[in-house]
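J.:
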Amino acid sequence: MNDESPPEQNEDDNPSKKFGRRGFIVTIGFGVAASALLRKLPGKATDKEITQSVAERISFPPTSTTPTAPSTSLSDPELPNETETVFEKVISGGRVVDPDSGYDAIANIGIEGNSIKLISTNPLNGRSTIDATGLVVSPGFIDVLSYPTNGYGEWYKIADGVTSNLCMHGIDNPMQKFLENTENHNPPVNYGGAVDHYQHRKILGVGIQKTSQEERALLLERAEKDLQVGAIGIHQQPEYTVDLKKSEIIDHGHLAAKYDVPLCLHLRHSYDRDFGSQESAINEALEVARETGCSVHIEHLNSTGGTGRMREAISQIQSVRDEGFAITACVYPYTFWATYAGSARFDNFQKKFGISFDDLQEVGKPDRMTEETFSVAREKNKLVAAFAMSEEDITEALSAPWVLIGSDSILERPHNNHPRSAGCFSRFLGTYVREQKILTLPDALGRITILPSRLLAKSSSAMQNRGRIQSGAVADITIFDPEKISDRADVSNPAQESVGIVHVMVNGQLTRENNSNKNVQSGVPILRDAL
0 MNDESPPEQN EDDNPSKKFG RRGFIVTIGF GVAASALLRK LPGKATDKEI TQSVAERISF
60 PPTSTTPTAP STSLSDPELP NETETVFEKV ISGGRVVDPD SGYDAIANIG IEGNSIKLIS
120 TNPLNGRSTI DATGLVVSPG FIDVLSYPTN GYGEWYKIAD GVTSNLCMHG IDNPMQKFLE
180 NTENHNPPVN YGGAVDHYQH RKILGVGIQK TSQEERALLL ERAEKDLQVG AIGIHQQPEY
240 TVDLKKSEII DHGHLAAKYD VPLCLHLRHS YDRDFGSQES AINEALEVAR ETGCSVHIEH
300 LNSTGGTGRM REAISQIQSV RDEGFAITAC VYPYTFWATY AGSARFDNFQ KKFGISFDDL
360 QEVGKPDRMT EETFSVAREK NKLVAAFAMS EEDITEALSA PWVLIGSDSI LERPHNNHPR
420 SAGCFSRFLG TYVREQKILT LPDALGRITI LPSRLLAKSS SAMQNRGRIQ SGAVADITIF
480 DPEKISDRAD VSNPAQESVG IVHVMVNGQL TRENNSNKNV QSGVPILRDA L
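Here numbering that gives the first Met the number 0 is used: the first residue of the sequence shown is 0, the next is one more, and so on.
(1) List in chain order: all unbroken beta strand (DSSP E) runs of 3+ residues lying wholly within the segment 234 to 313.
(2) Please return the same chain residues whose Cβ sits closer than 7 Å to the Cβ of R377, not counting the five positions on each side in sequence.
(3) Might you give, ordered along the chain, the residues of its own chain that have their beta carbon closer than 7 Å to the beta carbon of S458, omitting 5 neighbours on each side?
(4) Can you tell me whether G405 is buried or exposed, with buried defined as 16 or more other CB within 10 angstroms of its CB?
(5) When DSSP builds the beta bridges, which residues end up paired with K88?
(6) Leaving out five residues on either side along the sequence, give the residues of the same chain with a beta carbon under 6 Å from the beta carbon of N124.
(7) What's the C-alpha gap between R237 and K350?
(8) With a threshold of 7 Å on Cβ separation, who are the neighbours of T474 within its own chain once the five nearest residues in sequence on each side are excluded?
(9) Taking a contact to mean a Cβ-Cβ separation below 8 Å, would you say S485 touches S420 in this structure?
(10) Return helix, strand or coil for H184, following the three-state DSSP convention.
(11) Checking 8 Å against the spacing of the C-beta atoms, do G522 and P186 come in under that value?
(12) Does at least one heavy atom of the ligand ADP sit under 7 Å from the Cβ of N416?
(13) Mapping the DSSP letters down to three states, classify K116 as helix, strand or coil.
(14) For G499, tell me which candidate among F427, Q520 and R367 has the shortest Cα-Cα distance.
(15) Would you call R543 buried or exposed, if buried means 16 or more other Cβ atoms sit within 10 Å of its Cβ?
(16) Thinking just about the alpha-carbon of each residue, which of R94, L440 and L117 is nearest to the one in E81?
(17) Quick check on D97: buried or exposed, where buried means 16 or more other Cβ atoms within 10 Å of its Cβ?
(18) What residue range is occupied by the uninterrupted beta strand (DSSP E) comprising H199?
(19) Considering only residues of the same chain and omitting the five flanking positions on each side of T128, which have a CB-CB separation below 6 Å?
(20) From S211 to D242, what does the alpha carbon distance come to, in whole angstroms?
(21) What residue range does the alpha helix (DSSP H) around V402 cover?
(22) Taking contact to mean 3 or more Cβ pairs, one atom from each stretch, closer than 8 Å, check whether the segment 279 to 288 and the segment 322 to 339 are in contact.
(23) Where does the unbroken beta strand (DSSP E) through M504 begin, and where does it stop?
(24) What does the Cβ neighbour count give for P365, buried or exposed, with the cut at 16 atoms within 10 Å?
(25) Report yes or no: do the segment 188 to 199 and the segment 162 to 178 share at least 3 C-beta pairs separated by less than 8 Å?
(26) On the three-state DSSP scale, how would you describe P451?
(27) Could you tell me the distance, in whole angstroms, from the CA atom of E496 to the CA atom of N416?
(28) List the endpoints of the continuous beta strand (DSSP E) containing A385.
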């Protein structure tokens, strides 16, 4: 739900449209302990036990091609012993955390080309060395719910620790066009995404309306072509595509199952009052999973199925996971959503969301709104944030080990954005881990590294070797200061880089060094493997 896209990229944000795909942006905050019916919050077990629990309980087990776990001895037979090997790059003295294996120790990493060759507690020699003393060395953060790179916003992602920018909320184009557009500005982050069902509807001239059998067949053909080109999922949005029938979602669920990719759903209802039922919206997604056997990923659960009822939402989903179905979800760590004031989401907003004008703030301005200032903003279709979320929603969501973090945004000029476009992951680690202690560090890192990797690794070997600090893994690495990592972006000024992300490596190349981004554009496409 990237409401910050410019009009030329997103026709739905036109104030003349009643339903905009990017129109609804909801997010959440912090608070109370989670339900006793759910997994206990971290802190009751050791970091290693929690990390292993997270890795085990997601529905996508490692494949046979997963790199080997870290070792204090050389695992590459072509290398001489540790004391004689000179690596291209060495990361020395950091706290190396690998959520996949549970490895957590002060260690050194030897890197050649784009690959990790060795993790060792012994000193290593390198032609260049990064001193990570006092820092955490993590797999690069994987943003599962971003939007296409634009030549600008991805540098804020780098400053937030992101190494893979994945558009599972849709790629805004057919897959071939998406790849061409992204290649043109050669981003520093890896990139990929899901079939954009709504975009194909617009191309066919259908938009949000009902489809004929012929049109449905064409939509399936277009989706399959995108998968064959390399899309790593299928995205649908029944809330915006108001006449989308469940049977059409099921058709795409069968296609997702055929290609072993997740069906990513923006659910049908965002509120739970007289306007719709979040419970029924989740049930619809769960019924699709049961009928098709596909993996289902629920996008920003806090805004479309769990607002004010997160405990019940988690219980709903867990019951179907217990039957053996692969259901995951993501959230983002803010207590407000934002969308354009002229959109349908602000129709009857007081009754829908139980908020008033002083709960609203125009993006780029410092003050809360009045009825008068909101009227002006609505007429001009300004981006407006609504502080309408419960702090309990995020902590309840994080009690479930299959809930990931996704930003649902990327920064664009002229910075008419939700601040999560620049600070999502640093906020998660700074506020939830260091300050609130809702999760342990290994558990939190698992939500943004190995779990998104596993979500997509069934069909993409490019993901099988990411999200890990292991011998043979791709050297996508984020190095940060756990005492300083924090977001700075806010509603009044979203275009502020996070702090505490010291070094970022993408495919073995440093894209951020000593707290500053570099002009290194080393991202590669993350694609589904050819059948």
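C-beta: ideal position from N, C-alpha, C; glycine also. Bear in mind that the values here come from a model prediction, so they are computed numbers and not experimental data.
T.: Reading it off the structure:
(1) Taking only runs of at least 3 residues, the beta strand (DSSP E) segments lying wholly in the segment 234 to 313 are 262 to 264 and 295 to 297.
(2) A340, G341 and F345
(3) I231, Y258, D259, V260, R527 and D528
(4) buried
(5) As a beta-bridge residue in DSSP terms, K88 pairs with I110 and S127.
(6) V85
(7) The question names Arg, yet the displayed sequence has Pro at residue 237. Approximately 22 Å between the Cα atoms of the pair.
(8) Residue identity check: residue 474 is Ala in the sequence provided, not Thr. Once the five neighbours on either side are set aside, the close Cβ partners of A474 are I110, N113, S114, I115, M504, N506 and G507.
(9) no
(10) H184 sits in a helix when the DSSP states are folded into three classes.
(11) The Cβ atoms of G522 and P186 lie closer than 8 Å to each other.
(12) In terms of ligand content, the structure shown is empty, and the ligand ADP therefore cannot be addressed.
(13) strand
(14) Per the Cα distances, F427.
(15) The structure shown does not extend to residue 543, since the chain is modelled only from 0 to 530, so the question has no answer here.
(16) L117
(17) So D97 counts as buried.
(18) From DSSP, H199 is part of no beta strand (DSSP E) but of the alpha helix (DSSP H) over H196 to L203.
(19) V89 and S91
(20) 12 Å
(21) Not the alpha helix (DSSP H): V402 falls in the beta strand (DSSP E), residues V402 to I404.
(22) yes
(23) I500 to V505
(24) exposed
(25) As far as the Cβ criterion goes, the segment 188 to 199 touches the segment 162 to 178, which means the pair count is three or higher.
(26) Correct three-state label for P451: helix.
(27) 13 Å
(28) L382 to A385
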